[in-house]
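Report on the following structure.
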Amino acid sequence: MLLTKLLKKFLNKNRSYSKELLKSVGELETRLGYSFKEKNLLIQALKHRSYISVKSEERNSSNERLEFLGDSVLSFLVSKHLYKSFSDQPEGELSKMRSILVSGDNLCGIARKLNLGKYILVSEYEDRSGGREKDSILEDCMEAVIGAVYLDGGVIKAQKMIKDIFLDNCETVLSEKKNSNYKSELLELVQSHGIEPPTYEIAKEEGPEHDKIFTVNVIIKGKIIAEGKANSKKRAEQVASSNALNRINSDKKFFR
Numbered sequence: 008m009l010l011t012k013l014l015k016k017f018l019n020k021n022r023s024y025s026k027e028l029l030k031s032v033g034e035l036e037t038r039l040g041y042s043f044k045e046k047n048l049l050i051q052a053l054k055h056r057s058y059i060s061v062k063s064e065e066r067n068s069s070n071e072r073l074e075f076l077g078d079s080v081l082s083f084l085v086s087k088h089l090y091k092s093f094s095d096q097p098e099g100e101l102s103k104m105r106s107i108l109v110s111g112d113n114l115c116g117i118a119r120k121l122n123l124g125k126y127i128l129v130s131e132y133e134d135r136s137g138g139r140e141k142d143s144i145l146e147d148c149m150e151a152v153i154g155a156v157y158l159d160g161g162v163i164k165a166q167k168m169i170k171d172i173f174l175d176n177c178e179t180v181l182s183e184k185k186n187s188n189y190k191s192e193l194l195e196l197v198q199s200h201g202i203e204p205p206t207y208e209i210a211k212e213e214g215p216e217h218d219k220i221f222t223v224n225v226i227i228k229g230k231i232i233a234e235g236k237a238n239s240k241k242r243a244e245q246v247a248s249s250n251a252l253n254r255i256n257s258d259k260k261f262f263r
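In case it helps, the working numbering puts the sequence shown at residues 8 to 263.
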């Protein structure tokens, strides 16, 4: 409790914010299912470092410290949930499950469902370059929001929010992720035949910054084997890997 109070005292300062910003905060609170007592905490969780640099604010007023805290809170509460919910699973399996649920891909997916990018405070330059939809910024901001909820409402409120937005369909997420890591599957298959690991290259980027479509080629033995298209590089690599597996599995002479 003492640590929580000290962190809140450090992070919060009495400030006046525009009605427009407070309205946005209210919208996000509705999406999160949690109303902040200290609005400053949520606003700070939304501040990307590019924003505070142009506003000449102190470096510690960005969301980076809250991100650090939120990362640990998320990991702890997800671990607790898995420990209680999957009593038949060994430590190794629980670790794999946790890795999937707290992964950057999952964080970004949840952030996009919440439309978090709309509320992130970034510099004009970062905004023009599509910063609100960058995976790294969404992931960091999502963790910062979790840290803010923990400081504002304590572990019980943070646990409820994480349960509602992260764990409501965790078994489905775990099942899909376990069965869709085509990149790892392709790597194992290729290496089992004594061939160098596949490499990936971006062949094309199409569309506006905030809604780009990436085309990625997967290369094996120096040749393009397949391509994949998606709205992120990581997903495009997975699609390309899936297509490569389909091609390899249909060609019995591929490794000869």
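All C-beta atoms, glycine included, are put in the ideal place defined by N, C-alpha and C.
Because the structure is a prediction, the values reported are computed rather than measured.
Q: Look up Ile231 in the DSSP assignment and say whether it is helix, strand or coil.
A: strand
Q: Identify every run of the alpha helix (DSSP H) within the region 116–199, keeping only runs that are complete inside it and at least 4 residues long; order them along the chain.
A: 131–135, 142–172, 177–185 and 189–199
Q. Apart from the five residues just before and just after Phe75, which ones in its own chain have a Cβ nearer than 6 Å to its Cβ?
A. none
Q.
Let me check one thing: in DSSP terms, what residues is Thr206 bridge-paired to?
A. Ile226
Q.
By alpha-carbon positions, which one of Leu123, Asp175, Glu140 and Ser110 ends up nearest to Asn238?
A. Glu140
Q) Looking at the unbroken alpha helix (DSSP H) that takes in Leu39, where does it start and where does it end? A) Lys26 to Leu39
Q. If you compare alpha carbons, which of Leu252, Lys170 and Glu34 is closest to Asn122?
A. Glu34
Q) Should Gln198 be labelled buried (16 or more other beta-carbon atoms within 10 Å of its own) or exposed? A) exposed
Q.
Distance check for Phe93 and Glu36, CA to CA, integer angstroms please.
A. 31 Å
Q) Ordered along the chain, which non-local residues of its own chain (more than five positions away) have a Cβ less than 6 Å from that of Ser249? A) Tyr189
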